[in-house]
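Chains as they are written, first to last, in our numbering: chain G, 1 to 144; chain A, 1001 to 1417.
Note that beta-carbon positions come from the ideal geometry of N, C-alpha and C, so glycine has one too.
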């Protein structure tokens, strides 16, 4: 039987460093933040996306990579300003728009969202509802 | 990761060229560091998308940079903005919203950007040349510049774009480099007759399908007819960049890096071959629609990306073909275009035809970025794969996808047909 009581330790590459803790929201479908997330509410509004209707605010939001609009960085920046952003973002491919939004948020407001990169194999260890702790050095502790 | 800086880069970072340039350079360098790119490179043209969406943070960012005296160092065009700057009063826009939108526009114009205000800059002004290294934002413009023009750009995120324009420097990575432009998946159009590939909706549906099928790989399209137009390729790229992450496609015998399949794949075989049949296209058409046949239509929306002069001419033909005098009383018909294309139409008798028919033309902006639709709008119709893809989420409406002629006919009847 699978032992779910022991936390899993993963090592991510750090794109934007920071500490965070929260519940995981995980999708394997790429997402465009613009047209995909409402900055006022943090809701996933891409009605074609499997997580349509979920709220990203305060979550450890794991999606493989961005796609679609180059305005995604503007949406994430506004989410950070408005307090509707995820607690951290985990990708499996580098998405410069997420990093850029976090850097600009730091420049303008002194706030940023940690952005981390996991291998596809480690990314597959994350599941909805997991309790996730992120350390500034990229260590990720996942408890079921 | 340490980023190698030239003497000039270091001077920008040290504030020798003022605090605005310093802030832009700091963002460029921090992003290169974050993404693990050690080298920067020059770009010689930019297209700004960060001017499009209006939010508290986007306005603060633009006014912060402009207030610090930042100026662009390379020719820089602007994508659509959050307001029809010339006609907004006609569209019942809240003046306090307009005031902020005008402020954001002024901030970008004061930094030296060219007020093109269009998401289709490649059909408007300052078209990049083959091989030119550029920093473009706006996903449809990026895919067109890379694919159809053969210029080289990554998809510059909002706010990165203006920093690249100010500094003239970008991280050296991705599609700026020849080795990353190799075609990977061959999509072979199979058993589709030439006349079935003529409609404007065919290319939008094909683009949607390509975005879904190729994920992050570079598609090569085989079997596309040579008479494909700039507007067809615009529709294809815009849809592919919405449903997927396509930033570059090759079309064998059509686009400049794909005289042959062999050239498109840099001498290798494609990693994957996918046949695309008429049935696939029909299915894509259906997937783009969320409204049902006979649903009442509140608005038809064309010009996503912005309408060209040729598309206006095609629309005039569709209006004549409909044999109707006016669209239905409960339906609006909005066409979005650039001031450049509009200046050509204005000198043409077509404009009287459009006005008489009930068509509203809006410049400089987009229904996704300006509050031009009534809040109770429930169903829209479009011939754009991009608009159809985003409308349900961004506008909270049902969408019907169809050809330009179907859009006109449906507007006349007031329902999807």
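For residue i, the first and last residue of its enclosing alpha helix (DSSP H)
i                      : result
residue 1232 (chain A) : 1230-1243
residue 1354 (chain A) : 1350-1357
residue 79 (chain G)   : 72-82
residue 120 (chain G)  : 120-123
residue 1227 (chain A) : Unbroken run through residue 1227 (chain A): none, as it is neither H nor E.
residue 1426 (chain A) : In the structure as shown, chain A begins at 1001 and stops at 1417. Residue 1426 (chain A) is therefore absent and cannot be evaluated.
residue 1001 (chain A) : It is not in any alpha helix (DSSP H) - residue 1001 (chain A) carries neither H nor E in the DSSP assignment.
residue 1214 (chain A) : 1200-1214
residue 1282 (chain A) : 1278-1288
residue 1010 (chain A) : 1007-1013
residue 25 (chain G)   : Counting along the chain, residue 25 (chain G) falls outside any alpha helix (DSSP H), though it belongs to the beta strand (DSSP E) covering 20-26.
residue 1406 (chain A) : 1404-1413
residue 1263 (chain A) : 1261-1264
residue 103 (chain G)  : 96-109
Own chain, CB closer than 6 Å to residue i, minus 5 neighbours either side, in chain order
i                      : result
residue 1 (chain G)    : At residue 1 (chain G) the pLDDT is 49, less than 50, meaning the model places this residue with poor confidence and gives no usable figure here.
residue 1398 (chain A) : 1290, 1291, 1379
residue 1242 (chain A) : 1386, 1389
residue 1020 (chain A) : 1065, 1068, 1069, 1070
residue 1138 (chain A) : 1049, 1079, 1119
residue 21 (chain G)   : 133
residue 101 (chain G)  : 73, 76, 77
residue 1025 (chain A) : 1012, 1013, 1167
residue 1036 (chain A) : 1001
residue 1284 (chain A) : 1205, 1208, 1209
residue 1240 (chain A) : 1207, 1210, 1211, 1246
residue 1123 (chain A) : 1308
residue 1267 (chain A) : none
residue 1134 (chain A) : 1043, 1045, 1128, 1151, 1153
Beta-carbon proximity list for residue i, same chain, < 7 Å, skipping 5 on both sides
i                      : result
residue 959 (chain A)  : The shown model of chain A, from 1001 to 1417, leaves out residue 959 (chain A), and the question about it has no answer.
residue 1101 (chain A) : 1054, 1081, 1082, 1083
residue 138 (chain G)  : 11, 12, 13, 14, 116
residue 1344 (chain A) : 1309
residue 1224 (chain A) : 1189, 1251, 1254
residue 1197 (chain A) : 1225
residue 53 (chain G)   : 43, 44
residue 1403 (chain A) : 1199, 1200, 1201, 1383
residue 136 (chain G)  : 17, 18, 19
residue 39 (chain G)   : 75, 78, 79, 82, 84
residue 49 (chain G)   : 29, 31, 36
Residue range of the unbroken beta strand (DSSP E) whose run includes residue i
i                      : result
residue 115 (chain G)  : 115-117
residue 1041 (chain A) : 1040-1042
residue 1385 (chain A) : First-last for residue 1385 (chain A): 1385-1394, but that is the alpha helix (DSSP H), not the beta strand (DSSP E).
residue 1401 (chain A) : 1398-1401
residue 134 (chain G)  : 131-134
residue 139 (chain G)  : 139-143
residue 1271 (chain A) : No beta strand (DSSP E) holds residue 1271 (chain A); DSSP gives it neither H nor E.
residue 88 (chain G)   : 88-91
residue 14 (chain G)   : 13-16
residue 1185 (chain A) : 1185-1189
residue 1382 (chain A) : 1379-1382
Nearest-angstrom beta carbon gap, residue j and residue i [assumed within contact, 8 Å]
i                      : j                      : result
residue 1237 (chain A) : residue 1147 (chain A) : 6 Å
residue 1319 (chain A) : residue 1361 (chain A) : So it is not a contact: roughly 13 Å between Cβ atoms.
residue 1045 (chain A) : residue 1132 (chain A) : 7 Å
residue 1363 (chain A) : residue 1339 (chain A) : 5 Å
residue 1341 (chain A) : residue 1369 (chain A) : About 18 Å; that fails the 8 Å criterion.
residue 85 (chain G)   : residue 79 (chain G)   : 4 Å
residue 1063 (chain A) : residue 1107 (chain A) : 5 Å
residue 1409 (chain A) : residue 1417 (chain A) : 6 Å
residue 1420 (chain A) : residue 107 (chain G)  : Because chain A in this structure spans residues 1001 to 1417, residue 1420 (chain A) falls outside the shown range and cannot be described.
residue 1333 (chain A) : residue 1358 (chain A) : 6 Å
residue 1353 (chain A) : residue 1316 (chain A) : 6 Å
residue 130 (chain G)  : residue 144 (chain G)  : 6 Å
residue 90 (chain G)   : residue 1034 (chain A) : Their Cβ separation, rounded to whole angstroms, is 15 Å, which puts residue 90 (chain G) and residue 1034 (chain A) out of contact at 8 Å.
Same chain, Cβ closer than 8 Å to residue i, five either side skipped, listed in chain order
i                      : result
residue 1142 (chain A) : 1136, 1153, 1154, 1155, 1156, 1241, 1247
residue 1356 (chain A) : 1325, 1326
(message) Using a Cβ distance threshold of 8 Å, determine whether the stretch 1103-1121 of chain A contacts the stretch 1046-1053 of chain A, with at least three qualifying pairs required.
(response) Yes, the stretch 1103-1121 of chain A touches the stretch 1046-1053 of chain A.
(message) My parser needs the beta strand (DSSP E) runs of 3 or more residues fully inside the stretch 1297-1339 of chain A; what are they?
(response) Scanning the stretch 1297-1339 of chain A from its first residue to its last, the whole beta strand (DSSP E) runs of 3-plus residues come out as 1299-1307, 1332-1337.
(message) Three Cβ pairs or more, each shorter than 8 Å: is that satisfied between the stretch 59-67 of chain G and the stretch 24-37 of chain G?
(response) With the cut-off at 8 Å, the stretch 59-67 of chain G and the stretch 24-37 of chain G touch.
(message) Is it the case that the stretch 1124-1137 of chain A contacts the stretch 1004-1018 of chain A, given that we only count it when at least three CB pairs across the two stretches are under 8 Å?
(response) Not touching, per the Cβ criterion.
(message) For the stretch 1161-1179 of chain A against the stretch 1188-1207 of chain A, do three or more pairs of beta-carbon atoms, one drawn from each stretch, fall closer than 8 Å, so that the two count as touching?
(response) Output reads no: the stretch 1188-1207 of chain A does not touch the stretch 1161-1179 of chain A.
(request) Please list the segments of the alpha helix (DSSP H) lying wholly inside the stretch 1051-1131 of chain A, counting only runs of 4 or more residues, in order along the chain. (result) For the stretch 1051-1131 of chain A, the full-length alpha helix (DSSP H) segments reaching 4 residues or more read 1056-1067, 1095-1110 along the chain.
(message) I'd like the ranges of any beta strand (DSSP E) spanning at least 3 consecutive residues and lying wholly in the stretch 1133-1183 of chain A.
(response) Runs of beta strand (DSSP E) with 3 or more residues, each lying fully within the stretch 1133-1183 of chain A, are found at 1169-1171, listed in chain order.
(message) Under 8 Å: do the stretch 1325-1334 of chain A and the stretch 1211-1219 of chain A share three or more Cβ pairs, one atom per stretch?
(response) No, the stretch 1325-1334 of chain A does not touch the stretch 1211-1219 of chain A.
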